[in-house]
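Enquirer:
There are 4 protein chains.
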Amino acid sequence: MAEVGFLGLGIMGKAMAMNLLRHGFKVTVWNRTLSRCDELVEHGASVGETPAAVIKKCKYTIAILSDPAAALSVVFDKDGILEEICGGKGYIDMSTVDADTSSKIGEAIASKGGYFLEAPVSGSKKPAEDGQLVILAAGEKALYEEALPAFDVLGKKSFFLGKVGNGAKMKLVVNMIMGSMVNAFSEGLVLADKSGLNPQTLLDVLDLGGIANPMFRMKGPTMIQNNYSPAFPLKHQQKDMRLALALGDENAVSMPVAAAANEAFKKARSVGLGDLDFSAVYEIFKVAGGST
Amino acid sequence: MAEVGFLGLGIMGKAMAMNLLRHGFKVTVWNRTLSRCDELVEHGASVGETPAAVIKKCKYTIAILSDPAAALSVVFDKDGILEEICGGKGYIDMSTVDADTSSKIGEAIASKGGYFLEAPVSGSKKPAEDGQLVILAAGEKALYEEALPAFDVLGKKSFFLGKVGNGAKMKLVVNMIMGSMVNAFSEGLVLADKSGLNPQTLLDVLDLGGIANPMFRMKGPTMIQNNYSPAFPLKHQQKDMRLALALGDENAVSMPVAAAANEAFKKARSVGLGDLDFSAVYEIFKVAGGST
Amino acid sequence: MAEVGFLGLGIMGKAMAMNLLRHGFKVTVWNRTLSRCDELVEHGASVGETPAAVIKKCKYTIAILSDPAAALSVVFDKDGILEEICGGKGYIDMSTVDADTSSKIGEAIASKGGYFLEAPVSGSKKPAEDGQLVILAAGEKALYEEALPAFDVLGKKSFFLGKVGNGAKMKLVVNMIMGSMVNAFSEGLVLADKSGLNPQTLLDVLDLGGIANPMFRMKGPTMIQNNYSPAFPLKHQQKDMRLALALGDENAVSMPVAAAANEAFKKARSVGLGDLDFSAVYEIFKVAGGST
Amino acid sequence: MAEVGFLGLGIMGKAMAMNLLRHGFKVTVWNRTLSRCDELVEHGASVGETPAAVIKKCKYTIAILSDPAAALSVVFDKDGILEEICGGKGYIDMSTVDADTSSKIGEAIASKGGYFLEAPVSGSKKPAEDGQLVILAAGEKALYEEALPAFDVLGKKSFFLGKVGNGAKMKLVVNMIMGSMVNAFSEGLVLADKSGLNPQTLLDVLDLGGIANPMFRMKGPTMIQNNYSPAFPLKHQQKDMRLALALGDENAVSMPVAAAANEAFKKARSVGLGDLDFSAVYEIFKVAGGST
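First to last, the sequence lines map onto chains A, B, C and D. Here UniProt numbering is used: the first residue of the first sequence is 1, the next is one more, and so on. Here UniProt numbering is used: the first residue of the second sequence is 1, the next is one more, and so on. Here UniProt numbering is used: the first residue of the third sequence is 1, the next is one more, and so on. Here UniProt numbering is used: the first residue of the fourth sequence is 1, the next is one more, and so on.
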């Protein structure tokens with residue numbers, strides 16, 4: 001089995017690299033703080049001193065980094081990917097970044113003759129550990145096919161979505177629907193409560209019907225308890241709503257429900273809820289005193 | 001086992017009465033068109049000539065009728081329930097009616113000393129046949145407890161929600177969330193399409209993630225094919241949005257996402273989509289020519 | 001000049017009856033608290049002991065009462081209008097009431113052979129005193145023409161809008177536009193403020209441009225000072241938004257901007273602003289702490 | 001009186017430069033198509049061969065150009081303003097451009113030691129000819145004061161709004177309010193029409209009341225006649241809504257009414273109305289067939 005490079009050993013990356021090792025892949029890892037590589041070495045990984053060194057050694061390299069700045073840094077900085085990427089080598093960025101960042105990286109890789117794939121994932125720590133991520137890949141088809149054995153280990157399903165940018169867009173569309181849903185859900189919980197119904201009963205009824213879904217099941221009980229420890233921070237959800245609306249603006253798509261939900265998230269930011277979980281938008285519907 | 005009355009042998013009622021017989025209940029049925037009773041008689045049911053006759057014979061009687069007019073008629077008209085209901089007897093209306101109709105019936109029953117329960121259900125033909133309905137009961141607690149063995153046969157779960165009206169309200173809240181969701185879903189499908197993503201792929205991605213739900217799974221493929229044969233007509237969905245918003249108005253609950261969704265449904269009605277399935281709201285987001 | 005009846009001497013009614021007297025009309029007045037008639041008697045008015053007595057004496061009678069309950073009471077209660085109205089006599093209700101109340105009164109008058117006109121006004125105390133009201137009349141055209149000399153004294157302009165109900169509807173449409181405007185205005189004031197612009201300067205700029213209007217001119221300065229002493233209470237404005245949206249619902253008119261404005265007014269009610277001026281909706285846009 | 005430079009002799013610029021000449025200013029003009037200078041020369045203007053030449057000759061220079069590209073070109077291109085601007089000289093850009101363009105120009109001017117003022121105007125051809133513009137100036141206060149005699153000739157009122165960018169922001173806020181208003185107005189016209197009221201009568205009623213304004217007065221009659229020859233193209237209005245909402249996003253200001261209006265404008269763009277007047281948003285509310 002070919003040598004696979006792996007950059008970025010945060011919560012997600014570590015679980016993913018471990019899965020590759022467990023399934024027999026030969027993996028060369030790198031992390032900004034190199035000591036985080038130790039545990040993987042115990043399980044058979046090699047270590048690359050720099051991103052460039054990993055690229056040099058491997059046919060293709062996967063990265064999953066914390067944000068656009070980190071994603072750009074491993075490519076463009078000294079000892080970065082650009083120094084060694086070349087014809088025949090592939091680079092797969094699984095970080096969640098905006099379409100612009102993705103395009104910038106893709107163009108730089110291509111200018112050196114390399115192959116590029118953006119492949120953001122849906123799913124967090126647990127699915128990463130269980131190899132149950134959903135992978136939204138876009139870019140070089142050949143590289144997608146080459147990486148499929150790895151994707152099969154990392155995720156329960158991978159999609160090839162066409163040209164670079166489509167992975168990021170798909171994530172935006174999904175998150176936009178999710179953002180509108182959590183607003184509708186919040187409105188329903190408040191309406192139930194103010195109308196003399198038990199919100200917990202609403203959760204039970206919802207969970208037995210046609211719109212039952214994991215998010216309602218997971219967030220409902222914590223929302224009722226005003227517990228908003230951030231799995232996905234509200235300010236990031238609102239940013240995704242904004243970007244989805246901007247994508248709609250480019251394509252002349254009217255999205256009145258998403259727009260109303262976005263304004264609710266902005267309201268939530270304005271009262272200081274931006275760093276809490278996105279389900280904290282519930283709070284702005286609850287605020288109430290009398291009802292003249 | 002006590003004799004149970006059963007009024008209304010439409011698609012839902014017939015399946016439900018059959019389930020009761022199958023589980024050993026003694027059932028006396030009535031239907032406006034009496035010939036519809038025949039099949040049930042073959043399975044052991046008795047027949048009552050009028051609603052009043054059924055009430056007279058049974059400890060409690062279940063009804064599931066097509067609309068508020070029919071629900072009122074079996075109670076108030078000649079040979080109706082009011083003629084025989086009395087202390088110790090119960091009447092359970094499982095029709096989907098508005099809170100006002102429900103209250104009117106409840107008060108009339110109570111004035112005769114009878115017990116009343118409203119118990120609208122969530123679920124349609126298939127769950128009715130399979131005994132998998134969700135039952136939203138409200139009214140006389142003692143009657144609820146008396147009817148529990150029947151509810152256990154008819155549904156996978158029943159809830160007692162307190163005073164009469166709460167069953168109808170709970171249904172409104174659920175349908176309001178559903179109506180906002182189908183709008184968010186429609187916006188997402190159009191956004192995907194106009195942004196160069198495959199709507200079918202969006203469905204696949206959604207179905208693997210945290211907001212996967214039966215409605216998206218069932219409606220998505222038909223929406224993409226512009227198939228809107230009505231399971232739940234759009235005009236009824238819009239009416240429920242209106243009633244939910246009115247309930248919010250009474251209780252000073254601001255629901256901007258539901259309001260935006262309601263206006264989209266009204267738009268859909270205005271272009272003649274009211275008799276199609278509620279998922280036809282998708283059509284109004286799709287209309288588009290150029291994009292200057 | 002014919003004898004004109006006048007029922008209701010509140011702030012509006014007293015000013016209007018006085019104007020009629022000043023312009024040479026012979027006026028017979030009635031008020032629930034009869035002592036309020038004294039000042040008008042000094043200026044030449046006669047007094048009727050009951051609404052019925054006024055109707056009996058006059059060719060046509062104008063009423064301007066505080067609310068629907070009062071409007072119904074003078075018609076249907078003992079010694080009310082129905083006791084004396086008959087063929088050849090007219091009744092003009094200038095109260096602001098809903099279309100249902102108006103229709104109920106109109107039908108009762110018609111059943112006795114009388115003529116009916118609803119004629120709600122736009123304008124408050126000052127325009128009433130100055131004879132500068134705008135009169136939105138609907139109902140019996142012949143009665144409108146008979147009353148025109150009086151309307152010319154009471155208002156700067158009167159409209160005949162067709163069948164009963166149209167006067168109330170026209171008022172709703174106007175108030176709906178006004179309600180959306182005061183929301184847009186509030187959003188603009190907050191946006192200016194948070195963006196580092198002086199809200200007072202925004203008022204000055206607005207007042208010099210194409211959307212300059214008396215409401216912005218009058219409400220702007222008080223809104224900036226958080227002064228919301230009620231000229232038109234927010235809860236009444238919200239009620240008119242609700243009724244306008246209901247009218248749109250009946251006619252399948254989608255009104256997303258009005259719906260968004262209505263939800264903002266509901267939010268304002270939910271935090272206890274319902275009894276303040278409708279411009280207090282500004283407060284809900286202002287609430288803000290940080291902005292993560 | 002000092003020599004004033006004037007760049008850009010389009011419809012607005014020509015009228016403005018003519019006003020300056022008429023009031024005794026010595027003006028040196030430049031236009032990309034130099035022949036457009038002839039008429040001004042007949043009224044006493046001098047001609048500069050290039051923007052740089054005008055700057056060199058004059059204490060301060062006013063520009064009013066068609067779009068951001070033209071505004072940037074006269075500054076940064078060969079023979080542009082940067083070649084001659086220096087300490088003691090001022091440059092006043094009265095074009096309508098975005099805040100970024102404005103800042104870019106301002107910084108370039110400042111880096112050469114020059115003074116800069118952005119000064120977009122509210123008002124079009126007629127106010128320009130009549131010296132009745134409203135001037136929204138921001139940037140160097142000293143330059144504002146130096147230019148006041150010119151502003152007094154060009155406009156009925158000028159404002160100094162602080163730092164560069166504030167002029168553009170103020171215009172956005174005003175246009176955002178206007179955009180929401182034209183939507184509310186459209187909804188009202190359709191509601192009137194569908195409810196059996198005459199839209200022309202609504203215009204008459206509105207024009208007599210507290211929300212009467214020049215825009216309703218001017219646009220109402222043409223909207224009713226489906227006449228949308230563009231004074232301000234819908235796509236530009238929508239762009240301003242988008243930018244105002246983005247400004248709100250930066251500052252965590254929730255603007256649900258503006259957001260709903262923006263989606264309506266996007267809908268209008270999606271059906272090909274982008275090049276018509278912004279009042280054409282009326283069309284999307286009108287579309288209707290039946291009303292099930």
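Glycine included, C-beta positions come from ideal geometry on N, C-alpha and C. All values reported here derive from a predicted model rather than from experimental measurement.
1) How far does the alpha helix (DSSP H) with T201 (chain A) in it reach, from first residue to last?
2) So which residues on chain C does K267 (chain B) lean against when the C-beta distance must stay under 7 Å?
3) Hey, F179 (chain A) and D277 (chain A): beta-carbon distance below 9 Å or not?
4) Can you name the residues of chain C whose CB is closer than 9 Å to the CB of N166 (chain D)?
5) Going along the region 68–96 of chain D in order, which residues come within less than 8 Å of chain B, judged by CB to CB distance?
6) Can you pull out the residues from the region 109–139 of chain C whose beta carbon lies closer than 8 Å to at least one beta carbon of chain D?
7) Check for me: the beta strand (DSSP E) holding K157 (chain B) runs from which residue to which?
8) Quick one: is K169 (chain C) near chain D, going by C-beta distance under 9 Å?
9) List, in chain order, every chain D residue whose beta-carbon is nearer than 9 Å to that of G179 (chain A).
10) Using the C-alpha atoms, what's the distance from D152 (chain A) back to H23 (chain A)?
11) Within 9 Å of any Cβ in chain A, is that where the Cβ of A258 (chain C) sits?
12) With 9 Å as the C-beta to C-beta threshold (strictly closer), list the residues of the region 196–217 of chain A near chain B in chain order.
13) Looking at M16 (chain A) and A128 (chain A), is the spacing between their C-beta atoms short of 9 Å?
14) Among residues of its own chain, excluding the 5 on either side of V27 (chain D), which ones have a beta-carbon nearer than 8 Å to its beta-carbon?
15) List the residues of chain A that R242 (chain D) touches, going by C-beta distances under 7 Å, in chain order.
16) Per DSSP, what are the beta-bridge partners of T61 (chain D) in this structure?
17) How is the alpha helix (DSSP H) around I109 (chain B) delimited, first residue to last?
18) Can you give me the C-alpha to C-alpha distance between E42 (chain D) and R36 (chain D), rounded to a whole angstrom?
19) Are the beta-carbon atoms belonging to A63 (chain D) and I85 (chain D) less than 9 Å from one another?
20) When Cβ atoms are compared, which residues of the region 144–160 of chain D fall closer than 8 Å to chain C?
21) Sorted by chain position, which residues of the same chain lie with C-beta nearer than 8 Å to A108 (chain B)'s C-beta, five sequence neighbours on each side aside?
22) Shortest alpha-carbon distance to S181 (chain D) belongs to which of D:A260, D:L273, D:V271?
23) Whole angstroms are fine: how far does the CA of G196 (chain D) sit from the CA of K14 (chain C)?
24) Cα separation between L9 (chain C) and N31 (chain C)?
25) Nearest chain C C-beta to S270 (chain B) closer than 9 Å, yes or no?
26) Taking contact to mean at least 3 C-beta pairs separated by less than 8 Å, is the region 57–72 of chain C in contact with the region 97–107 of chain C?
27) Does DSSP classify I135 (chain B) as helix, strand or coil?
28) Would you say the beta carbon of G5 (chain B) comes nearer than 8 Å to a heavy atom of the ligand HEM?
29) Please classify T33 (chain B): does DSSP put it in a helix, a strand, or coil?
30) Closest to L136 (chain B) by CA distance: which of A:S102, A:K286, A:L208 is it?
31) Quick one: what's got a C-beta closer than 7 Å to A142 (chain D)'s C-beta in the same chain, skipping five residues either side?
32) Would you mind stating whether C265 (chain A) and Q237 (chain A) have Cβ atoms separated by less than 9 Å?
33) Could you tell me whether the Cβ atoms of G210 (chain A) and K235 (chain A) are closer together than 9 Å?
34) Interface residues of chain B around E3 (chain C) at Cβ under 7 Å?
35) Is it the case that the Cβ atoms of A252 (chain C) and K267 (chain D) are separated by a distance below 9 Å?
36) Rounded to whole angstroms, what is the Cα-Cα separation between residue 325 (chain B) and S102 (chain C)?
Expert: Reading it off the structure:
1) 199–207
2) S254
3) Going by the sequence as given, residue 179 (chain A) is Gly instead of Phe. No.
4) S195, G196, L197
5) none
6) S122, G123, V134, L136
7) 155–160
8) yes
9) Simply none; closest approach about 14 Å.
10) 10 Å
11) At a cut-off of 9 Å between C-beta atoms, A258 (chain C) does not count as an interface residue with respect to chain A.
12) Flagged, chain order: G196, L197, N198, T201, L202, D204, V205, L206, L208, G209, G210, I211, A212, N213, P214, M215, F216.
13) yes
14) E3, V4, G5, F6, A17, L20, L21, L40, G44, A45, S46
15) D249
16) D:G5, D:Y91
17) Taken as a continuous stretch (DSSP letters only), the alpha helix (DSSP H) holding I109 (chain B) covers 99–111.
18) Answer to the nearest angstrom: the Cα atoms are 11 Å apart.
19) no
20) K156, K157, F159
21) V75, F76, L82
22) Contrary to the premise, residue 181 (chain D) reads as Met rather than Ser in this sequence. Per the Cα distances, D:A260.
23) Approximately 33 Å, taken between the alpha carbons.
24) 6 Å
25) yes
26) Taking 8 Å as the limit for Cβ pairs, the verdict is that the region 97–107 of chain C does touch the region 57–72 of chain C.
27) strand
28) Only the bare structure without any ligand can be found here, which leaves the ligand HEM out of the picture.
29) coil
30) A:L208
31) Y115
32) Contrary to the premise, residue 265 (chain A) reads as Phe rather than Cys in this sequence. Annotated as proximal: F265 (chain A) and Q237 (chain A), with beta-carbon spacing under 9 Å.
33) no
34) None at all; the shortest Cβ gap to chain B is about 45 Å.
35) no
36) This structure leaves residue 325 (chain B) out entirely; chain B is present only between 1 and 292.
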